[in-house]
Structures are given as structure tokens and as C-alpha cells.
């Protein structure tokens, strides 16, 4: 890998400031957007009879926020023209790992919340059903983790 120009020139500092500004602006816009969506979703889901929609929204909220931040980081990385190809590939690889882990976190939380909601509705006499569903939940999580690890290590 090449080295970063030192001492930092005005052009490099401008590019770093632009990239940092992009990430900060994207984070602020994402946070404000999510506050608006939370209020709208709370108003809409407050009228439903089940808690499943609340659980789905809570499972999606954090991973989606992380994905938006990663998109901002990717846009900021595009502004850094002083980086050589090796550094750019390394940073793009880290951002890809972040995307994969966010997708895994989304699916893991979604499966966990939906299965937990379903198990809450089961009767106490359905012990075999409860054990089978918990087993399937664990197997689903193992498969999701395996897929995420394969994607990262590829």
C-alpha cells in the first residue's frame, strides 16, 4: 500500500474535510429522517391490535440507520482522490463488510422478533411446538451467520 502524502497539503485537507462533512451531513439527515419516520410509524402502528408491526420496525431501525451511514461513508470515500488503489480497495472492503453485517443484523433481529412474538401467542400446552420453533429459530440464525461469514471471507 502506498503512503498518504505528508505533510498534508491544502488539497488533501480539503478532500478530507469534504469527506468528513459528507458523512456528518448524511448522519444528521438520516437521524432527522428516522425521527420523522418513527413518529409517523408510531401513529400508524398505534392503531393496530398486535405488536408485530412494532417489533418489525424496531428490528429494522438500527440496521437501516447503519446502512445509510455506510452509504455516506462510501460517498465520502469517493471524494478522496489522493488515496491509491490499494487503500481505496481496503476501505471499500471495510464498507462492504459493514453492509453484510448490517444485513445480517437486520435479518437476525427480524427473525428473533417475529419468532418471539409468535411464541408469545402459543399456549402453554404446546411444549413440542415451542421447542420445534426455537430449534428452527436457532437453525435460521446459524444459516444466516454462515452466509454472512462466507460473504465476508470471500
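Residue numbers (the working numbering): 163 to 316.
Ideal placement from N, C-alpha and C gives every residue a C-beta, glycine not left out.
Taking a contact as a CB-CB distance under 8 Å, the pair residue 179 and residue 234 does not count as one, their CB atoms being some 15 Å apart.
Taking 8 Å as the upper bound for CB-CB distance, residue 239 and residue 261 are not in contact here, some 13 Å apart. Here residue 225 is buried. Its C-beta has 16 or more other C-beta atoms within 10 Å. The beta carbons of residue 263 and residue 221 sit no closer together than 8 Å.
Assignment of residue 180 by DSSP, reduced to helix, strand and coil, places it in the helix class.
In the three-state DSSP reduction, residue 241 falls in the coil class, being neither helix nor strand.
Taken through DSSP and simplified to helix, strand or coil, residue 209 comes out as coil. In this structure, the straight-line span from the alpha carbon of residue 207 to that of residue 217 is close to 10 Å.
Going by C-alpha positions, residue 210 is about 17 Å away from residue 199.
Separation of residue 205 and residue 215 (C-alpha to C-alpha, rounded to the nearest whole angstrom) is 12 Å. Judged by their CB atoms, residue 295 and residue 277 are nearer to each other than the 8 Å cut-off. Annotation: residue 171 is outside any alpha helix (DSSP H) and is labelled neither H nor E by DSSP.
Counting only runs of 4+ residues, the alpha helix (DSSP H) found wholly inside the stretch 227 to 313 occupies 247 to 283, in chain order.
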